[in-house]
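Participant: Residue numbering for the sequence shown follows this note's numbering, starting at 400 and increasing by one per position. For reference, the structure I am asking about is given below.
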Amino acid sequence: MAKYRKLGRTSSQRKALIRNQVTALLHNGKIVTTEAKAKEIRKVAEGLIALAVKEKDNYEEVTVKAKVARKDKDGKRVKEVVDGKKVTVYDEVEKTIKKDMPSRLHARREMLKVLYPVTEVPEKAAGRKKNTKEVDLVEKLFSEIAPKYEDRKGGYTRIVKIGLRKGDAAMEVLLELV
């Protein structure tokens with residue numbers, strides 16, 4: 400028996416399809432696809448979730464000093480004239496950041512190999528580029544998805560059969576996070 404399904408595609412097409420579907424599953428929580436694709440996607444998604452659960456708390460909080468531009472009441476940077484040039488004024492601020500331990504950093508990079516970048520577009524400003532925002536799926540895995548499953552020993556996804564697709568009679572299923 401083969402180790403994986405070929406899904407009637409070349410290796411690069413198959414890899415892109417699986418990456419795309421896994422990204423959509425983790426971003427939306429559920430997707431509708433064929434049964435064969437769902438079984439392949441499930442393998443990859445559960446591996447990523449298991450990795451996130453394992454490395455969820457593997458970081459240390461560090462306090463760092465950072466320079467932040469001073470802003471006025473309108474949110475614009477304050478500029479000051481120094482030696483005939485306009486220069487932005489900076490304030491020094493202490494921030495607490497999460498510093499990944501080496502194994503968590505490795506896990507983050509392994510997840511980034513699989514997941515595509517996701518941009519969210521709000522409905523009321525759909526045509527404007529400046530209103531889009533980048534979604535950090537790896538951070539979502541660590542902070543939202545992993546805590547839900549920390550006491551589970553696997554089985555993070557569920558496949559529910561919907562029925563046959565009208566066009567080609569392929570079995571359609573709903574693949575969702577439990």
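Backbone N, C-alpha and C fix where the C-beta goes; we use that ideal spot for every residue, glycine too.
Return yes when the Cβ of residue 476 is within less than 8 Å of the Cβ of residue 485, no when it is not.
Facilitator: no
Participant: Count the other CB atoms within 10 Å of the CB of residue 412; is the residue buried (16 or more) or exposed (fewer)?
Facilitator: With a 10 Å radius around the Cβ and a threshold of 16 neighbouring Cβ atoms, residue 412 comes out exposed.
Participant: According to DSSP, residue 562 sits in a beta bridge with which residue or residues?
Facilitator: 571
Participant: Alpha carbon to alpha carbon, how far is residue 487 from residue 468?
Facilitator: 7 Å
Participant: Just reading off the beta strand (DSSP E) that residue 464 is part of, what are its end residues?
Facilitator: 458-468
Participant: Could you give the first and the last residue of the continuous beta strand (DSSP E) run that contains residue 479?
Facilitator: 478-481
Participant: What residue range is occupied by the uninterrupted alpha helix (DSSP H) comprising residue 539?
Facilitator: 536-539
Participant: How would you label residue 447, buried or exposed, when you count the other beta carbons within 10 angstroms and need 16 or more for buried?
Facilitator: buried
Participant: Run the CB neighbour count on residue 387, radius 10 Å, all protein chains shown included, and call it buried at 16 or more, exposed below.
Facilitator: Limits of the chain in this structure are 400 at one end and 577 at the other, which puts residue 387 out of reach.
Participant: Secondary structure at residue 488, three-state DSSP: helix, strand or coil?
Facilitator: In this structure, residue 488 counts as coil in the three-state DSSP scheme.
Participant: Check whether the segment 452-465 touches the segment 423-437, counting contact only when three or more Cβ pairs, one atom from each stretch, lie closer than 8 Å.
Facilitator: no
Participant: Would residue 408 and residue 416 qualify as a contact pair, given that the criterion is a beta-carbon distance under 8 Å?
Facilitator: yes
Participant: Taking only three categories from DSSP, how would you classify residue 557?
Facilitator: strand
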